[in-house]
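The numbering of the sequence shown is the working numbering, which starts it at 1321 and goes up by one.
Data first, discussion second: the structure below is written as structure tokens.
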Amino acid sequence: MSHSNGSFSQKIKYLDPATCTPHFAWVKSRARNASGEEVVCERVPLESAARKFGTPTYVYSRASIDDAYRELHKGLGALPHTLCFAVKSNGNLSILKHLAEMGSGFDIVSGGELHYLQRIGVRGDRIVFSGVGKDRYEIREALNYRVHARGGGAGILLFNVESEAELEILVEEAERLAGRGGKPPAGAIRVNPDVQAGGHPHIATGKHEHKFGLDWPEARRLYLAHSDSKWIRWQGISAHIGSQITTLAPFRRALKRLAGFVGELRRAQIDLRYLDVGGGLGVRYSDQKPPTRAEYARLVSQMVRKLGVHLLLEPGRSIIAPAAVLLTRVVYKKTNRGKTFVVVDSAMNDLMRPALYGAIHPITKTAREGKESA
């Protein structure tokens, strides 16, 4: 959908200033015989979208996505950086293609996501492969990734290694590829900084008891053991402490520890080019008060600037969540023993968060004053 102009934005009354971007709004209904108000996304009435495409359906604001991406990019200033959109947060090919056209890199966690990016022509040097469960086939596919810049080689920008067993497979596959003229892959180890990040326990990833990454002593051992390897080039270090984090303090603690790890590796003659700090910035669903994207970006920039590294940032939710609504239509209303149920045509597979961990999503009608609505 196209960006709404300034004059239109000044006339709207926001749908919910606490949880939505200004691109979704209540406006006076323009239907010839209708009164009241309707919800629009960038001038387009959501009710008309429901009629045209059916329900359930997702509606995304491209303007909101653009604003979020640019706010992060601007907040990082002159710091060398690449924003790597977390594909796990939304794999819609149109959205991924649009972000690629804006200059975004991508963070993936599976071979399927790698295939998405290959379909839309994303270069390998824009892809970071994270994830605790990469199997041999997925690693091989990433090593052989063939969409690359003119004059560049095959493969991807960076493998974020999460275990010694994974590293062994990566080295084995890289050695096999070298026999056919392949180059050793660039690697980083995902370090578990043992930082409590807040948010829901189901999406916390940065404490020592979590399955993600390696404790620092183990990570350091692997860096040193493979420092002269012909089959992997240590190019970075990575961490990701969780999701839906609504204060800056956990990020500050994690960045401080990562800076210490970078310094320790450099003293051991392992000079890293990339610092991947993951993502995790929360958004406002109800009464949360997360930092703005600009505040978060400034903190990261301030703490990373002196390290002389290229920053990799993996935003996902903070870009896509405020940009989307799920349109669903009421199909039945029923009462069982005094309890009323409103049955809609969307389900848990369309919006899992409330059932998974009690998340709250505001609900509103797309039209007021008795008009049938989605």
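C-beta atoms are modelled at their ideal positions from N, C-alpha and C, and glycine is treated no differently.
Source: prediction; values computed, not measured.
Between residue i and residue j, how many whole angstroms is the CB-CB distance? I'm expecting something under 8 Å.
| i | j | result |
| --- | --- | --- |
| VAL1448 | LEU1478 | 5 Å |
| LEU1646 | PRO1376 | 6 Å |
| VAL1582 | ILE1565 | Their Cβ separation, rounded to whole angstroms, is 22 Å, which puts VAL1582 and ILE1565 out of contact at 8 Å. |
| ILE1590 | TYR1543 | 6 Å |
| GLU1391 | ARG1572 | In fact, because the Cβ distance is near 20 Å, the residues do not count as touching under 8 Å. |
| LEU1413 | TYR1389 | Rounded, the Cβ-Cβ distance is 17 Å, inconsistent with contact. |
| ALA1485 | TYR1594 | Actually they are not in contact, since the Cβ atoms of ALA1485 and TYR1594 sit about 23 Å apart, beyond 8 Å. |
| THR1684 | VAL1359 | 7 Å |
Sorted by chain position, which residues of the same chain lie with C-beta nearer than 7 Å to residue i's C-beta, five sequence neighbours on each side aside?
| i | result |
| --- | --- |
| ALA1351 | Residue placement at ALA1351 cannot be trusted, given a pLDDT of 46 that sits under 50; what the coordinates show is reported in the next sentence. Once the five neighbours on either side are set aside, ALA1351 has no close Cβ partner at all. |
| ASP1665 | THR1375, PRO1376, THR1648, ARG1649 and VAL1651 |
| PRO1400 | HIS1630 and LEU1631 |
| ALA1574 | PRO1513, VAL1515, GLY1526, ALA1559 and ILE1561 |
| ILE1459 | ILE1489, LEU1490 and GLU1493 |
| PRO1610 | THR1566, LEU1601, GLY1602, VAL1603 and ARG1604 |
| VAL1442 | ALA1420, PHE1426 and VAL1467 |
| LEU1403 | TYR1389, LEU1392, HIS1393, SER1424, GLY1425, LEU1633 and PRO1635 |
At what residues does the alpha helix (DSSP H) containing residue i begin and finish?
| i | result |
| --- | --- |
| ALA1383 | 1382-1395 |
| GLN1555 | Here GLN1555 belongs to no alpha helix (DSSP H); instead the beta strand (DSSP E) covers 1553-1558. |
| LEU1434 | 1431-1439 |
| VAL1582 | 1569-1587 |
| HIS1736 | One cannot answer for residue 1736 here, as it falls past the ends of the chain, which runs 1321 to 1694. |
| VAL1624 | 1613-1624 |
| LEU1676 | 1673-1677 |
| LEU1595 | Counting along the chain, LEU1595 falls outside any alpha helix (DSSP H), though it belongs to the beta strand (DSSP E) covering 1594-1596. |
| TYR1457 | 1456-1463 |
| LYS1417 | 1413-1422 |
| GLU1357 | From DSSP, GLU1357 is part of no alpha helix (DSSP H) but of the beta strand (DSSP E) over 1357-1361. |
Any heavy atom of the ligand ADP closer than 6 Å to the Cβ of residue i?
| i | result |
| --- | --- |
| LEU1592 | Although the ligand ADP was asked about, the structure shown includes no ligands whatsoever. |
CB-CB under 8 Å to residue i, same chain, minus the five flanking residues each way: which ones, in chain order?
| i | result |
| --- | --- |
| ARG1673 | ALA1679 and HIS1681 |
| GLY1599 | ALA1406, ASP1427, HIS1560, SER1563, LEU1633, GLU1634, PRO1635, GLY1636, ARG1637 and SER1638 |
| ILE1385 | ILE1415, HIS1418, LEU1419, ILE1639, ILE1640 and ALA1643 |
Note down the Cα distance separating residue i from residue j, rounded to an integer number of angstroms.
| i | j | result |
| --- | --- | --- |
| ARG1496 | TYR1457 | 13 Å |
| LEU1416 | PHE1661 | 37 Å |
| ALA1462 | LEU1534 | 22 Å |
| VAL1379 | GLY1432 | 24 Å |
| ARG1553 | PRO1504 | 6 Å |
| ALA1506 | GLN1555 | 6 Å |
| ASN1464 | ARG1500 | 11 Å |
| ASP1455 | PRO1537 | 25 Å |
| VAL1515 | ALA1579 | 14 Å |
| VAL1481 | SER1368 | 47 Å |
| ALA1643 | ALA1588 | 45 Å |
| GLY1502 | PHE1373 | 47 Å |
| VAL1452 | VAL1511 | 12 Å |
| ILE1440 | MET1623 | 34 Å |
If you drop the 5 nearest sequence neighbours on each side, which residues of the same chain put their C-beta closer than 6 Å to that of residue i?
| i | result |
| --- | --- |
| ALA1641 | VAL1603 |
| ARG1541 | none |
| LEU1419 | PHE1405 |
| HIS1522 | Bear in mind that the predicted position of HIS1522 carries a pLDDT of just 47, short of 50, making it too unreliable to give a figure here. |
| SER1450 | ASP1427, VAL1429 and ASN1480 |
| TRP1551 | VAL1491, ALA1494, GLU1495 and PRO1504 |
| LYS1408 | VAL1429 |
Along the beta strand (DSSP E) that carries residue i, what are the first and last residues, could you check?
| i | result |
| --- | --- |
| ARG1510 | 1506-1510 |
| ILE1707 | Residue coverage of the chain in this structure runs from 1321 to 1694, which leaves residue 1707 outside it and unanswerable. |
| ALA1296 | Residue 1296 is absent from the structure shown; the chain starts at 1321 and stops at 1694. |
| GLU1482 | GLU1482 -> no beta strand (DSSP E), and no H or E assigned at all. |
| LEU1633 | 1630-1633 |
| ALA1406 | 1401-1406 |
| ILE1447 | 1447-1449 |
Do the stretch 1618-1630 and the stretch 1645-1661 touch if we need at least three Cβ pairs shorter than 8 Å?
Output reads no: the stretch 1645-1661 does not touch the stretch 1618-1630.
Count the C-beta pairs between the stretch 1605-1617 and the stretch 1391-1401 that are closer than 8 Å, then say yes if the count reaches three, no if not.
yes
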